[in-house]
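Read through the structure below, which is laid out as structure tokens, and then see the notes.
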Ligand code: CA
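In the working numbering, the protein residues as written are 1473 to 1707.
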């Protein structure tokens, strides 16, 4: 039998915690629990769960802060935010803090489990892609989640700062080199966050990436525009 996947639940409301725990255990997952933001952060680092369900409003540290701290400390597991009401949750902010997805309370068990499964699959794909990818004068370092630029005459490389979104997008392009990718496909595969993002926001992430990796971002050599479709990556 396959190893059980471990899910960390960070939630301060006992009835919600209880419901989540029961349903996840029945669905075959190992469950670890934390009831404050600080404890969530500690367990996220120590237990290395495969996925985290993270309440937004927590005593001590907020879900946003926990999420950002985990990402800052190099944790890449999928994080699903649990939010009280849709309007309370700043999607863009959560996304920038490194959240992968969110569900709004009250949620159905089916919806939650579907999100958990989808995000675990994305997490697996992320792990599988752990080889570095070289293109042009760059090396995309998948473990360090860094873009390095090779210098002409020495072994030293220069680190190029990418946001989480830019990194995820570039890693996806590299993994799908040579394929014409529709905007919908890119957004769905990279973010899977169907509420977030318009095609225009994808285009603006592409523009900022081009600015960092293209010699002339008006005449891109790596992230090519496929008219009427979307993008294609060329190394
Ligand atoms: Ca709460």
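Backbone N, C-alpha and C fix where the C-beta goes; we use that ideal spot for every residue, glycine too.
Quick check on this structure: which residue in 1539, 1697, 1613, 1498 has the alpha carbon closest to the alpha carbon of residue 1514?
Looking up residue 1514 in the chain shown gives position 42. With distances taken between CA atoms, residue 1514 lies nearest to 1539 out of 1539, 1697, 1613, 1498.
Quick one, which of 1550, 1692, 1565 has its alpha-carbon nearest residue 1534's?
Within the chain shown, residue 1534 is the residue found at index 62, counting from 1. Cα-wise, what sits closest to residue 1534 is 1565.
In terms of DSSP beta bridges, what is residue 1527 paired with?
To locate residue 1527, count along the chain shown from 1; it is residue 55. Looking at the DSSP assignment, residue 1527 forms a beta bridge with 1554.
Might you give, ordered along the chain, the residues of its own chain that have their beta carbon closer than 7 Å to the beta carbon of residue 1636, omitting 5 neighbours on each side?
As a first step, residue 1636 is located in the chain shown; it is residue number 164 there, counting from the start. Around residue 1636: 1543, 1570.
In or out: residue 1656 buried (at least 16 other Cβ within 10 Å) or exposed?
If you number the chain shown from 1, residue 1656 lands on position 184. By the Cβ neighbour-count rule, residue 1656 is exposed, with fewer than 16 other Cβ atoms within 10 Å of its own.
Taking residue 1596 as the reference, give the member of 1496, 1537, 1632, 1523 with the closest Cα.
Here the question's residue 1596 lines up with position 124 in the chain shown. Of the listed residues, the one whose Cα sits closest to residue 1596 is 1523.
For residue 1483, the nearest candidate out of 1694, 1649, 1567, 1531 (CA to CA):
The residue you call residue 1483 lines up with position 11 of the chain shown. Looking at the Cα atoms, 1531 is the closest of the given residues.
Sort out for me which residues DSSP pairs residue 1576 with in a bridge.
Along the chain shown, one-based indexing puts residue 1576 at 104. Its beta-bridge partners are 1555.
Could you check whether the Cβ of residue 1460 sits closer than 7 Å to any heavy atom belonging to ligand 1?
Residue 1460 is absent from the model: the chain starts at 1473 and stops at 1707.
Any chance the CB of residue 1484 is under 7 Å from a heavy atom of ligand 1?
Mapped onto the chain shown, residue 1484 falls at position 12. Checking every heavy atom of ligand 1 against the Cβ of residue 1484, one is found closer than 7 Å.
Does residue 1705 come out as helix, strand or coil in the three-state DSSP assignment?
Reading the chain shown from its first residue, position 233 is the one you call residue 1705. Here residue 1705 sits in strand by DSSP.
Got a sec? Which residues, its chain only, sit under 7 Å from residue 1613 by beta carbon, not counting five neighbours each side?
Position 141 of the chain shown, counting from 1, holds the residue named residue 1613. Leaving aside the five residues that flank residue 1613 on each side, the residues in its chain whose CB is nearer than 7 Å to its CB run, in chain order, 1604, 1620.
Hey, quick one: how far does the alpha helix (DSSP H) through residue 1495 stretch, first residue to last?
Indexing the chain shown from 1 puts residue 1495 at position 23. Per DSSP, residue 1495 belongs to the alpha helix (DSSP H) from 1486–1498.
Count the other CB atoms, across all protein chains shown, that sit within 10 Å of the CB of residue 1587; report buried if there are 16 or more and exposed otherwise.
As a working mapping, residue 1587 is identified with position 115 in the chain shown. Flag for residue 1587 reads buried.
Once you ignore the five residues that flank residue 1661 on each side, which residues in its own chain have a CB closer than 7 Å to its CB?
Walking along the chain shown from the start, residue 1661 turns up at place 189. Cβ neighbours of residue 1661 beyond the five flanking positions: 1644.
Per DSSP, what are the beta-bridge partners of residue 1457 in this structure?
This structure gives no information on residue 1457, because the portion of the chain shown stretches from 1473 to 1707.
If we call anything under 8 Å between Cβ atoms a contact, is residue 1496 one with residue 1521?
On the chain shown, residue 1496 is found 24 positions in, with the first residue counted as 1. On the chain shown, residue 1521 is found 49 positions in, with the first residue counted as 1. No, they are not a contact pair.
Near residue 1505, which residues of its chain fall below 6 Å by C-beta distance, leaving aside the five closest residues on each side in sequence?
To locate residue 1505, count along the chain shown from 1; it is residue 33. Around residue 1505, the same chain offers 1481 as residues with beta carbons nearer than 6 Å, after the five sequence neighbours per side are excluded.
With 16 other Cβ atoms within 10 Å as the buried cut-off, status of residue 1582:
Here the question's residue 1582 lines up with position 110 in the chain shown. With fewer than 16 Cβ atoms within 10 Å of its Cβ, residue 1582 is classed as exposed.
Can you tell me the Cα-Cα spacing of residue 1696 and residue 1683, whole angstroms?
As a working note, residue 1696 is residue 224 in the chain shown. As a working note, residue 1683 is residue 211 in the chain shown. Rounded to the nearest angstrom, the two C-alpha atoms are 13 Å apart.
Residue 1588 in three-state terms, based on DSSP
As a working note, residue 1588 is residue 116 in the chain shown. Helix at residue 1588.
Contact check, residue 1589 vs residue 1550 under 8 Å by CB: the rounded distance?
Position 117 of the chain shown, counted from the first residue, corresponds to residue 1589. Position 78 of the chain shown, counted from the first residue, corresponds to residue 1550. Not a contact, Cβ separation roughly 11 Å.
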